[in-house]
Amino acid sequence: DAVQQVGGGGGGTSKRAGKPGGSDPYPLASLAIAVVLVAAHVVQETLGASAGFWALENLGQDRSEIWESELWRLLSCSFLHAHWLHLGCNLMGIILFGKAIEGWLGPWRYLACYLTFALLGSLTYQAVASGGIGIGASGALCGLLGMYLACRMGRKEEGHLELGLRSEEGRVGRECRSG
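Here the sequence shown stands for residues 258 to 436, where the numbers follow this note's numbering.
Take a look at the structure:
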């Protein structure tokens, strides 16, 4: 692994180049997502059970309502959680994987990926679920986990992230622009 000196001369601290979260120690987009998720849950809990039922009925992923043109539910459901444990598990994954991915992609690309994964998770639920109302950020979290694994299996070379498998003859795979 390449190590670069930070802080100038010989007495600087070192950090690993190309490692998760290497460029910015504060994952601002990940923290912003966490704040929004916690705030939504605090409001829901503070206003009581009737507010929770209202949020579930009007913002949760009700498959039949989505088929009736309430498409906002495909994203709004990702900001609701059933209880603190559900929220806490999602937040743990978002912060752990999000910090690394945000360091690789930057905050705006990371945020775009997060919202895309949330939407794809909702579309998957819409396609395969047989009933019930879907809530939670698990779809977005699964997308982040997949992206984290793909990026960790690849390696940075000259501004590109090369993904793929190694073979006897060399590198087989494709490249993704990372910045």
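Glycine included, every Cβ here is placed at the ideal spot set by N, Cα and C.
Give the C-beta separation of residue i and residue j to the nearest angstrom, bearing in mind that I take them to be a contact with Cβ-Cβ under 8 Å.
i: H343; j: G388; result: Wrong, their Cβ atoms sit about 19 Å apart, outside the cutoff.
i: Q318; j: G400; result: The pair is not a contact, with the Cβ atoms about 16 Å apart (cut-off 8 Å).
i: M404; j: I358; result: 6 Å
i: C334; j: L316; result: 6 Å
i: W361; j: C408; result: 6 Å
i: S307; j: K356; result: Not quite, the Cβ-Cβ distance comes to about 36 Å (not below 8 Å), so this is no contact.
i: L372; j: L332; result: 7 Å
Going by DSSP, name the residue or residues bridged to residue i.
i: G391; result: Q318
As a quick exercise: from the options, pick the residue whose alpha carbon is nearest that of residue i.
i: A296; options: W311, F336, L406, N347; result: F336
i: R330; options: S379, V300, G345, L288; result: S379
i: A291; options: A407, A397, E327; result: A397
i: E322; options: Q383, L406, L285; result: Q383
i: L406; options: V300, L368, Y367, F354; result: F354
i: F374; options: S395, A289, A312; result: S395
i: L328; options: L376, C370, A369, L294; result: L376
i: Y283; options: M410, G363, A339, T381; result: G363
i: A289; options: T303, L368, S326; result: L368
i: G309; options: A339, G345, C370, E325; result: A339
From the DSSP output, in three-state form, read off residue i for me.
i: E359; result: helix
i: L285; result: helix
i: S379; result: helix
i: E327; result: coil
i: H338; result: coil
i: A397; result: helix
i: A369; result: helix
i: A386; result: coil
**Q.** Complete runs of the beta strand (DSSP E) confined to the stretch 287-311 [at least 3 residues]
**A.** none
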